[in-house]
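Have a look at the structure below, then the notes.
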Amino acid sequence: MLGQPDFNTAILGTTQRDFNTPRNIFSDGERLFIAERNNNRVVIYNSIPTSNYAPADVVIGQPDFDTSSWATTQSKFYGPHEIYFDGKLFISDGFNNRILIYNSIPTTNGAPADIVIGQPDFNTRTSGTTSQKFSGPYGVYSDGKRMFVTDMGNHRVLIYNSIPTSNYAPADIVIGQPDFTTKTSGTTQRKLYGPLGLFCDGKRLFVGEYNNRRVLIYYLGPQNSSFSINNNALYADAREVGLSLSSQGAYQMLISESSNFSGASWQTYSSSPTFTLSDGEGEKTLYLKLRDQAEFETETFSQKITYDVSPPSAVTISNLPSSWANSNPTLTFAATDVGSGIDRYEININDGGWNTVSATYTPNLPSGTHTLQVKAYDKSGKVSSASSDKLYLDLEPPTFKLSQPSLDKANKTTTDTGSIVLAGKAQDQKTLSGLKELYFTVNNSQTKWKVNLDKAGYFHYTIINLRKGESTIHFKLADKAGNLTSFDFKVENTGFGPPITQEGVEAEGEQAKVLPLLAYMQQTGKPLTITIGNKTLTLQDKQSLQITDKSPLALAGQIYPNAQITLFIQSKEQTLITKADEKGYFSITLPKLKVGTHNIYSQVTLNDYTTEKEHLLTLSVKPAWYSFSNIYFDLILALFFLTLVTFLVWFLKKRRFKSKN
Ligand SMILES: [Ca+2]
Ligand SMILES: [Ca+2]
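If you want the working numbering, it's the position in the sequence shown, counting the first as 1, plus 1.
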């Protein structure tokens, strides 16, 4: 307790310990300030007292603790009301119609003020209604930057945007009156009636009104502020953008692309200013701050917009086959964009109009040659040039018609006796990829037999020496796009079978062999015969034969159908060629051969294959009489024995006769 010696006393006093009309009190947490209206002074405790009836340390407004007279000077007060201290000391010197400012905490009694507001000098105390005068100022407050004063008799609050540093400084803002020269009281939202106390927390100003018996709260700084760029457009294609601002109480604005507003300066508030974006495409952020006339600022608002003037690059189409494809490919599109980035791709197929597609796109097109155009849009709506390419699609497998062999319809089966002719016509759609190849396999063997197609697609091929019994022919016809047509049928071979392999030709990769003439004959049991006149000798298991020089001499047999047989007669250096018929029968007439031994080499050619090793047949040719004399030699020999026996009989009979005699 201060001002009284104990809790039971209430006397007035003008001493270091006593008060007269202590009204307003302020503390900064360290010091204590008390304004005594009737003592016309402010006493200062340098620390908050902790004992009753403690003495003040410093008195201002009076030269000492025992004086209380009022005056209008630099160091005297007249009815001081309110105190505020934050390094500077503000005192409302009410009856002197002024505010006194001490630039630092007074440390001596009767210290003079540094600044007087409301009066042109320290010795004038007239009231007035201007931006520089007061009429009974009561409350005083500062936020460290501004000074607030309740000017009670003028029914207004004055705001100084900066703490005055010279006497008679004018206020910047008036609240409660439309201007600085009106002083009517009122009980409305905008008027005041006897404002006394005030407080500011930095965001709000609180004003207590004596006559209106209310406290008004003013929100400081512009309220309900917002802004948009180009009517909330996401993209701008010009650097100059239009802003749309909305705010209550905005007086000035600060706009920048920098969040700390470096380089920007406050401009008069406008609800529709323009702003020139920095150079370079891409996303820009605009920062905005507003402030009111008391320079209370809003928070920082920001909005983004992307500046984009360049269209995307031309689209690269990937995975587009360069030639005929047999299915719709999955295409990928790529383009780059400065500014906003790629938004979408559009494709136009065969000039059928543009459609939006994603970067990975699988068309669903029929066979044919298709023209694709693709373009890219960026997010701001700019479009690239169109990239054009062609897609060749052949979804149709080729077809073929088999004219030979004629097949049993139900079982797709035919019968042959050793060879079979495949003939027919293959075709692919005229406007599509065209035929590539026709081949077949037999009984799923690995070997593919290629069948030549002429320009019109006709083919003719003889398969020979299918194995005895049933074989399956697998036909495959391919077009250039890779479409395959397959066709299977069965052949029942009732003729002779092949020598070793199923197809009659032993496959070795792309090479193949044909069995030698005699080997084939031995394999199949078909005899090779030599015909001499009307006499036929079999050569089945022999590679040599004795004959006479009697002509004509023919070599005959049955081998691969249509095979070519080549004989080389070494002694005559003569080559003979013949061809087997469709059943494989052949006959070669040999020239007349001299008596002696003749080597005859044989080769067989089948399709494009020829026996690698020649087969040797040795013919021993004897003179014609040789075979004739043989017969008679036997007769002569028989006659000789008969003569000999007759002679012996005669001789023995003669001997027996002599001995009897
Ligand atoms: Ca762009
Ligand atoms: Ca086709």
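Beta carbons are placed, not taken as given, at the ideal position from N, Cα and C, and that holds for glycine. The structure displayed is predicted, hence computed values, not measured ones.
Determine the contact status of residue i and residue j, defining contact as a CB-CB distance below 8 angstroms.
i	j	result
residue 148	residue 169	no
residue 65	residue 137	no
residue 237	residue 343	no
residue 208	residue 175	no
residue 243	residue 277	no
residue 347	residue 358	yes
residue 566	residue 581	yes
residue 569	residue 576	yes
residue 519	residue 556	no
residue 439	residue 454	yes
residue 549	residue 622	yes
residue 481	residue 437	yes
residue 203	residue 144	yes
residue 459	residue 452	no
Rounded to the nearest angstrom, what separates residue i and residue j at their Cα positions?
i	j	result
residue 5	residue 85	25 angstroms
residue 474	residue 448	12 angstroms
residue 245	residue 363	45 angstroms
residue 427	residue 489	15 angstroms
residue 14	residue 20	5 angstroms
residue 78	residue 133	19 angstroms
residue 210	residue 232	44 angstroms
residue 637	residue 546	28 angstroms
residue 345	residue 369	27 angstroms
residue 146	residue 280	37 angstroms
residue 326	residue 401	21 angstroms
residue 654	residue 647	10 angstroms
residue 639	residue 649	15 angstroms
residue 177	residue 193	5 angstroms
residue 333	residue 379	17 angstroms
Under a three-way DSSP split, which group does residue i fall into?
i	result
residue 211	coil
residue 125	coil
residue 483	coil
residue 99	strand
residue 635	helix
residue 448	coil
residue 642	helix
residue 302	strand
residue 262	coil
residue 288	strand
residue 191	coil
residue 383	coil
residue 222	coil
residue 521	helix
residue 14	coil
residue 488	strand
residue 25	strand
residue 254	strand
residue 596	coil
residue 655	helix
residue 154	helix
residue 168	coil
residue 9	coil
residue 232	helix
residue 499	Its pLDDT being 44, under 50, residue 499 is placed unreliably in this model, and the value from its coordinates should be taken loosely. Correct three-state label for residue 499: coil.
residue 648	helix
residue 326	strand
Given that a residue counts as buried once 16 or more other Cβ atoms are within 10 Å of its Cβ, and exposed if not, what is residue i?
i	result
residue 651	exposed
residue 282	buried
residue 1	Nothing about residue 1 can be read from this structure; the chain reaches only from 2 to 662.
residue 485	exposed
residue 605	buried
residue 123	buried
residue 153	buried
residue 42	buried
residue 561	buried
residue 571	exposed
residue 472	buried
residue 11	exposed
residue 241	exposed
residue 156	buried
residue 537	exposed
residue 190	exposed
residue 586	exposed
Could one say the Cβ of residue i lies closer than 8 angstroms to chain B's Cβ atoms, at least one of them?
i	result
residue 109	The structure shown has no chain B; it contains just one protein chain.
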